[in-house]
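Asks:
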Amino acid sequence: MSAGARFRLAVERGDIGAVSELLAPGVVFHSPVTFNPYVGRETVTQVLAFVAEIFEDFRYTDELHSDGAHALVFRALVTGKQVEGIDLLRFDSDGLIADFTVLVRPLSGLLPLAQAMGEKVVQAGLKTTRE
Numbered sequence: 010m011s012a013g014a015r016f017r018l019a020v021e022r023g024d025i026g027a028v029s030e031l032l033a034p035g036v037v038f039h040s041p042v043t044f045n046p047y048v049g050r051e052t053v054t055q056v057l058a059f060v061a062e063i064f065e066d067f068r069y070t071d072e073l074h075s076d077g078a079h080a081l082v083f084r085a086l087v088t089g090k091q092v093e094g095i096d097l098l099r100f101d102s103d104g105l106i107a108d109f110t111v112l113v114r115p116l117s118g119l120l121p122l123a124q125a126m127g128e129k130v131v132q133a134g135l136k137t138t139r140e
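Start counting at 1 in the sequence shown, then tack on 9, and there's your number in the numbering used here.
Next comes the structure, spelled out in structure tokens:
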């Protein structure tokens, strides 16, 4: 099973521990709500745990993959607003996720996501690379 398929399965099961094991130690996470990325397995795992708390009715709808990359298209609700997004995963030579970019639309769903994530990130004291 590919790393992208293992990631999808772990997310669908809600197994943040299994997701964390698929992240490279120096993984770089590009959030749709911050300019600068979050870096490191522990920090990114915590960010993903917050996302899991915020998203409702989360489901993957499509997959795209190529050498070294895997894109998972998803739909979810954020405070009652429908969002659609993509988890773009890029892998290192060990098959771990080295670069993780999330894209979300529309703005009417992204804004409540940004607000909810902002509150959780501040409470946890997480910082991006330039904060």
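Built from N, CA and C at the ideal position, the CB exists for glycine as well.
(1) Does residue 57 pass the burial test, meaning 16 or more other C-beta atoms within 10 Å, or should it be called exposed?
(2) Note the first and the last residue of the continuous beta strand (DSSP E) segment covering residue 135.
(3) Taking the continuous beta strand (DSSP E) assigned at residue 35, which residues delimit it?
(4) Count the other CB atoms within 10 Å of the CB of residue 44; is the residue buried (16 or more) or exposed (fewer)?
(5) Once DSSP output is grouped into helix, strand and coil, what is the label at residue 118?
(6) Quick test of your reading: residue 48 and residue 138, contact by CB under 8 Å. State the CB separation rounded to the nearest angstrom.
(7) In the DSSP assignment, find the unbroken beta strand (DSSP E) run with residue 87 in it and report its ends.
(8) Applying the 10 Å Cβ sphere with the 16-neighbour rule, what's the burial state of residue 103?
(9) Quick one, which of 105, 51 and 121 has its alpha-carbon nearest residue 33's?
Replies: Let's see:
(1) Residue 57 is buried by the Cβ-count criterion.
(2) No beta strand (DSSP E) contains residue 135, which DSSP labels as neither H nor E.
(3) 32-39
(4) exposed
(5) helix
(6) 6 Å
(7) 78-87
(8) exposed
(9) 105
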